[in-house]
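Below is one structure, written out as structure tokens; the observations come after it.
Protein chains in written order, with the working numbering: chain Z, 245 to 681; chain A, 245 to 681.
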């Protein structure tokens with residue numbers, strides 16, 4: 245049986261998973277591929293520890309360059325992460341004519357603009373299904389299954405850590421810090437959780453998917469990013485009672501001229517499928533002109549789901565190699581020369597409904613003052629709830645607005661915050677009501 | 245720009261959609277493919293009617309053979325349906341060395357066993373994404389994205405007509421016949437709805453997906469099929485109150501030795517994502533050893549969603565042609581020689597929970613008699629509800645059982661049905677509690 249030889253950079257959690265999956269499912273992969281995927285070399289800084297996986301003699305190495313320079317290796321898999329060593333190894337591998345599979349969203353979001361053209365020029369694949377949504381085949385679906393569609397929007401829950409934290413706050417009413425500590429104890433969150441909870445990991449994925457969906461040049465610069473650390477149980481409780489769930493969403497829309505690209509917590513109606521995505525699971529809904537809205541759902545992270553996506557990419561490339569063909573599909577979905585510099589609209593220009601929570605002094609005239617300020621900015625209220633419960637000496641005032649322009653809301657908030665009857669910072673959560681299926 | 249030329253058999257709803265999508269999204273398809281997909285010829289029995297789509301001069305023909313015999317046509321699309329003319333045209337096209345795209349589930353489920361080897365022998369593709377789940381990329385996902393997984397199960401809502409009918413009964417409490425009439429009025433159900441509501445259409449799709457997922461030879465013979473015509477509003481109401489939704493499911497499991505393959509209405513917990521799939525939408529959840537459970541969701545039928553899936557297949561083939569490569573992926577996911585004759589276990593051997601509704605005479609001793617019969621067969625009750633509401637002179641008795649063997653339940657039902665305190669036929673609905681995500 246013909247062999248396709250793999251080199252693997254990085255034996256962390258996912259890298260070990262890839263090695264394990266190649267061992268356990270060797271036969272079924274061969275039965276489907278018609279060739280053997282052989283892990284020829286795997287590099288890591290420390291190869292003395294117990295990986296819990298059997299490696300053939302001579303596979304483990306601390307010398308990454310021995311993978312780059314091995315002419316027998318057809319495909320390299322980069323699972324080191326980050327934008328330093330990983331970038332250099334990918335560049336060297338491409339230069340050596342090797343196909344590359346990576347799960348490195350940060351690298352692609354920041355340097356995809358240079359890496360994809362380089363791969364194209366060398367005639368090799370740069371595959372990245374595992375970089376967004378773990379085992380969810382969102383890259384393949386956008387690039388292949390929706391090839392005949394004009395894609396106009398997608399909405400994703402793309403960070404399992406954030407979704408786990410929000411689910412625990414929702415189900416148990418615990419504060420953010422306690423839910424975060426729980427996520428860390430369960431191994432979902434990193435010791436430094438900022439990349440996850442501040443929304444940057446989600447923004448990386450949003451940049452990649454926007455590029456694929458619309459043919460826009462990848463850019464992180466203009467994506468609005470807001471994390472979940474400001475969300476309190478009291479916000480989630482209010483949302484639940486009003487028929488909403490709070491999720492950290494990647495929201496992207498394209499009207500043919502400019503795009504919206506934003507990451508923030510949002511209230512979505514409970515009837516929407518995305519609101520039922522709990523715990524560490526991920527989901528993405530995509531809207532295309534022919535398919536309408538569709539959704540993919542599954543484990544967005546974790547050793548084996550991510551390893552599955554990595555090997556799916558490797559098999560795809562192996563099939564190209566076996567068929568003797570060149571790279572079949574443009575890395576970013578559009579052929580060279582068909583990528584556009586699509587501008588991202590500033591967040592000030594979006595229109596959406598808002599949830600607003602203020603801590604107000606319990607005195608006459610407060611509500612009329614605040615609703616007056618909102619009314620002056622053309623923001624009309626959908627509902628107002630004031631409870632008697634005291635929160636730091638003040639009472640919480642909850643408001644839901646009809647869709648309004650963000651710039652107007654910002655100005656209103658500034659003015660409201662300056663009132664002496666307001667204590668603390670207002671909490672603002674956007675309401676997304678995607679056209680439901 | 246290079247052209248890939250298509251021939252189209254059948255200008256019904258889907259065929260017209262394909263022609264329309266080729267017109268409206270010509271540019272974006274070319275920007276992604278790097279070549280033009282040109283509809284060179286399209287055949288139908290009647291080409292005089294207004295299709296609402298612009299065809300280039302000379303495209304329309306009543307002579308299907310002119311497509312088969314046109315050496316310029318690379319890919320034919322069969323959208324006639326049925327197992328007569330469609331089969332002959334596909335066979336002739338394969339013999340002429342043309343790649344084939346079809347949405348014809350009945351044909352594949354019944355004759356796939358012959359057609360796939362024939363295509364393989366000629367070195368052409370026989371692609372069929374549109375045959376299962378409309379625009380949902382379930383074929384591609386199983387065949388490509390899950391290539392490194394042992395697939396152990398899938399559960400699908402694969403018939404939009406049935407799901408529409410069940411949703412309307414659930415939401416409006418109307419009887420089956422009225423919901424069916426509504427589906428017909430909305431254009432969801434055929435004038436003869438038996439293929440849909442009796443579950444046969446779902447069984448065709450189950451046969452195709454089982455083959456893909458496990459590498460089993462396709463067979464309809466041993467699939468247990470039961471439709472939704474026996475479901476009453478009273479059953480759905482009880483299910484709702486007990487925390488379940490009733491759906492027509494395609495259920496398939498594989499333990500490495502034998503498979504379960506069955507189509508029947510089932511009660512699923514409301515917390516399961518599948519229970520939120522409403523109206524004419526479809527969804528499939530798949531379980532693989534690496535990915536765990538994942539789910540795909542979208543429009544399972546309709547002109548444009550199905551046309552999108554047809555053109556995705558055509559573009560995949562066009563990419564193979566442009567790359568100069570041979571057929572890259574085995575039609576049924578496994579290489580020649582790796583398909584197995586996996587037996588389907590008889591329905592009597594499955595174990596599941598049951599909902600049982602009996603119409604009983606309101607006399608002393610009824611419940612003890614019935615529960616005694618169930619207990620004798622090792623069937624234990626989870627809950628029993630008897631209401632005072634009369635139904636044809638008798639009162640309804642509702643029971644939910646713990647998991648029990650189907651053969652035991654059948655015998656118990658026989659014995660219960662023979663009691664003179666029972667009127668009418670017992671209603672039995674299986675309870676599926678998939679390992680939830």
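Don't be surprised by glycine CBs; every beta carbon is placed ideally from N, CA and C.
query: By the criterion of Cβ-Cβ separation under 9 Å, what are the contact partners of residue 459 (chain A) in chain Z?; result: 272, 275, 276
query: Using 8 Å as the threshold, is the C-beta distance between residue 278 (chain Z) and residue 566 (chain Z) below it?; result: yes
query: In or out: residue 427 (chain Z) buried (at least 16 other Cβ within 10 Å) or exposed?; result: buried
query: Here's a check: name, in chain order, each residue in its chain whose Cβ is nearer than 6 Å to the Cβ of residue 577 (chain A), leaving out the five neighbours to either side.; result: 387, 456
query: If I follow the unbroken alpha helix (DSSP H) through residue 462 (chain A), where does it start and stop?; result: Counting along the chain, residue 462 (chain A) falls outside any alpha helix (DSSP H), and DSSP gives it neither H nor E.
query: Taking buried to mean at least 16 other C-beta atoms within 10 Å of its own C-beta, is residue 245 (chain Z) buried or exposed?; result: exposed
query: Suppose you measure from the CA of residue 503 (chain Z) to the CA of residue 589 (chain Z); what does that come to, to the nearest Å?; result: 6 Å
query: Starting from residue 321 (chain A), find everything on chain Z with Cβ-Cβ shorter than 9 Å and list it in chain order.; result: In chain order: nothing, as chain Z lies at least about 12 Å away.
query: What is the DSSP secondary structure of residue 631 (chain A), reduced to helix, strand or coil?; result: coil
query: Is the stretch 259-279 of chain A touching the stretch 542-561 of chain A, taking contact as three or more C-beta pairs under 8 Å?; result: yes
query: Does any residue of chain A bring its CB to less than 8 Å from the CB of residue 488 (chain Z)?; result: no
query: Does residue 257 (chain Z) have its Cβ less than 8 Å from a Cβ in chain A?; result: no
query: Does the structure place the stretch 628-648 of chain Z close enough to the stretch 597-611 of chain Z that three or more beta carbon pairs sit under 8 Å?; result: yes
query: Please confirm if residue 578 (chain A) has its CB atom under 8 Å from at least one CB of chain Z.; result: yes
query: Taking residue 376 (chain A) as the reference, give the member of A:334, A:450, A:591, A:596 with the closest Cα.; result: A:450
query: Going along the chain, which residues of the stretch 549-563 of chain Z sit with their C-beta nearer than 8 Å to a C-beta in chain A?; result: 549, 551, 552, 553, 555, 556, 559, 560, 563
query: For residue 471 (chain A), which residues in the same chain have their Cβ closer than 6 Å to its Cβ, ignoring the five residues on either side in sequence?; result: 441, 442, 443
query: Give the range of the alpha helix (DSSP H) segment to which residue 415 (chain A) is assigned.; result: 404-416
query: Let me know the secondary structure DSSP gives residue 293 (chain Z) once reduced to three states.; result: coil
query: Under 8 Å, with one C-beta from each stretch per pair, do the stretch 512-528 of chain Z and the stretch 337-355 of chain Z reach the 3-pair mark?; result: no
query: Taking residue 506 (chain Z) as part of the alpha helix (DSSP H), name the residues at either end of that continuous run.; result: From DSSP, residue 506 (chain Z) is part of no alpha helix (DSSP H) but of the beta strand (DSSP E) over 503-513.
query: Does the beta carbon of residue 385 (chain A) come closer than 8 Å to any beta carbon on chain Z?; result: yes
query: Within the continuous alpha helix (DSSP H) that includes residue 306 (chain Z), where are the two ends?; result: Note, residue 306 (chain Z): premise wrong, no alpha helix (DSSP H); not H, not E.
query: Strictly below 9 Å CB to CB, what residues from chain A border residue 394 (chain Z)?; result: 268, 269, 272
query: Give me the residue from A:571, A:429, A:501, A:666 with the minimum Cα distance to residue 365 (chain A).; result: A:571
query: Please check if any C-beta of chain A sits within less than 8 Å of the C-beta of residue 520 (chain Z).; result: yes
query: On a CA-only basis, which of Z:310, Z:547, Z:668 is nearest residue 296 (chain Z)? Give me that one, please.; result: Z:547
query: With the cut-off set at 8 Å, would you say residue 506 (chain Z) and residue 468 (chain Z) are in Cβ contact?; result: yes
query: Taking C-beta to C-beta, are residue 368 (chain A) and residue 321 (chain A) nearer than 8 Å?; result: no
query: With 9 Å as the C-beta to C-beta threshold (strictly closer), list the residues of the stretch 466-498 of chain Z near chain B in chain order.; result: Checking the listed chains, one finds no chain B in this structure; the protein chains it contains are Z and A.
query: Contact criterion: CB-CB distance below 8 Å. Does residue 681 (chain Z) meet it with respect to chain A?; result: Residue placement at residue 681 (chain Z) is poorly supported in this model, since its pLDDT is 38, which falls under 50; the coordinates are not used for a value here.
query: What do you get for residue 448 (chain Z), buried or exposed, if any count of 16 or more other CB atoms within 10 angstroms of its CB means buried?; result: buried
query: For residue 342 (chain A), which of helix, strand or coil comes out of DSSP?; result: coil
query: When the Cα atoms are used, what is the spatial distance from residue 665 (chain Z) to residue 534 (chain A)?; result: 56 Å
query: Assign residue 289 (chain A) to one of two classes, buried (16 or more other C-beta atoms within 10 Å of its C-beta) or exposed (fewer than that).; result: exposed
query: Can you give the beta carbon distance from residue 250 (chain Z) to residue 319 (chain Z), rounded, assuming they're within the 8 Å contact cut?; result: 5 Å
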